[in-house]
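J.:
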Amino acid sequence: MLGVTPALTTAPSLLGQRLRPSLSAPLIAASLVILPVFVQAPWVRVSPLSCAVFTFVLMAAGLYWGGSRGQVLIGFSGSWLAGSLFWGWLRLQPLWHLPVEAFLLPLAIAGLSGPWRRAGQFYLGALIGTACTDAAIALCGLMPLWPQVLQATPSEAPLLLSQAAQKVLEPLHLSIVLAIAAILVGLSRWLWHRGEGGQVISASLLSTLAVDGVFLMLALLAPHLSGLV
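In the working numbering, the protein residues as written are 8 to 236.
(1) Do the region 121 to 129 and the region 79 to 93 meet, that is, are 3 or more Cβ pairs less than 8 angstroms apart?
(2) Got a sec: does the ligand MN put a non-hydrogen atom nearer than 7 angstroms to the Cβ of Val-51?
(3) Any idea if Trp-197 is buried or exposed, counting beta-carbon neighbours within 10 angstroms, 16 or more meaning buried?
(4) Just tell me which of Pro-106, Pro-230 and Val-218 has its CA closest to the CA of Ala-188.
(5) Taking the alpha-carbon positions, what's the Gln-170 to Ala-117 distance?
(6) Spatial neighbours of Leu-56 within its chain, please: C-beta separation below 8 angstroms, excluding the five flanking residues on both sides.
(7) Just list the alpha helix (DSSP H) runs in the region 43 to 77, keeping only unbroken ones of 4 residues or longer that don't cross its boundaries, in chain order.
(8) Comparing alpha-carbon positions, which option in Ala-138, Leu-92, Leu-167 and Gly-69 lies nearest Leu-212?
(9) Under the rule that 16 or more other beta-carbon atoms within 10 Å means buried, what is Val-46, buried or exposed?
(10) Buried or exposed: where does Arg-52 fall if 16 or more other Cβ atoms within 10 Å of its Cβ makes it buried?
(11) Where does the unbroken alpha helix (DSSP H) through Trp-199 begin, and where does it stop?
(12) Can you tell me whether Leu-185 is buried or exposed, with buried defined as 16 or more other CB within 10 angstroms of its CB?
(13) Between Glu-108 and Ala-133, what straight-line distance do the alpha-carbon atoms span, to the nearest angstrom?
(14) Helix or strand or just coil, what does DSSP make of Cys-147?
Structural data, given as structure tokens:
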């Protein structure tokens, strides 16, 4: 009818509203936590230096992208650099894992009150997830097996990794892992209702939990596919 705006003219705006969540900062945060498993882990073995240098590419991309999503990528670049440094040169020293991963913590905390707060929030979320994973490994008595698995021959490493995973399934150790997982899920649910910043942290925590679960399953069923050996 004349004088009535056709319904099709509203489609672009509706489409934009549907697409925006698919590129939201929390979803990007969740995806970035998974990325090191498939990209960084194999890369850092072959060329740790180039893997570390790639940090600057991530930072440049984050600055170019801008907004909350770019800030998340900036935060991820800090986690990427820490991972490159540890897995490239200190991977046989498990006690150094958390300190190296946390070396940018002062900068992340300082940034929480500034214009780059999403970067700090992602970094904190990833670091909390890493700390919980390391705590579970330590409480299950698996720290001594860490360097053994990494130093083992290609034929021995999958067996050692499978044995470590089976140890996690012992009643006491499994209860510890489930308790930590429950705490992370509860914390993530609480954070999710605290705005976009809380959602970024929540997404990174839940992704870390999912990655750890997949890793445990692979260590039990197909250790050679775990990415660690």
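Backbone N, C-alpha and C fix where the C-beta goes; we use that ideal spot for every residue, glycine too.
T.: Concretely, from the data shown:
(1) As far as the Cβ criterion goes, the region 121 to 129 touches the region 79 to 93, which means the pair count is three or higher.
(2) No copy of the ligand MN occurs in the structure displayed, which carries no ligand at all.
(3) Translated into the one-based positions of the sequence shown, residue 197 becomes position 190. Trp-197 should be labelled exposed.
(4) As a working note, residue 188 is residue 181 in the sequence shown. If we check each option's Cα against that of Ala-188, Val-218 comes out closest.
(5) Against the sequence shown, residue 170 aligns to sequence position 163. Against the sequence shown, residue 117 aligns to sequence position 110. Distance between the alpha carbons of Gln-170 and Ala-117 is about 42 angstroms.
(6) Reading the sequence shown from its first residue, position 49 is the one you call residue 56. Excluding residues within five positions, the ones whose Cβ falls inside 8 angstroms are Gly-95.
(7) 48 to 53 and 55 to 72
(8) Mapped onto the sequence shown, residue 212 falls at position 205. The option with the nearest alpha carbon to Leu-212 is Ala-138.
(9) Position 39 of the sequence shown, counted from the first residue, corresponds to residue 46. Val-46 is exposed by the Cβ-count criterion.
(10) On the sequence shown, position 45 is the one that residue 52 refers to. Classification of Arg-52: exposed, given that the 10 Å Cβ count is below 16.
(11) Translated into the one-based positions of the sequence shown, residue 199 becomes position 192. It spans 178 to 199 - the alpha helix (DSSP H) in which Trp-199 sits, taken as one unbroken run.
(12) Your numbering for residue 185 matches position 178 in the sequence shown. The residue is exposed, with fewer than 16 neighbouring Cβ atoms inside 10 Å.
(13) What you label residue 108 is simply residue 101 of the sequence shown in a count that begins at 1. What you label residue 133 is simply residue 126 of the sequence shown in a count that begins at 1. Glu-108 and Ala-133: Cα-Cα distance of roughly 9 angstroms.
(14) Here residue 147 corresponds to residue number 140 of the sequence shown, with the count starting at 1. Coil.
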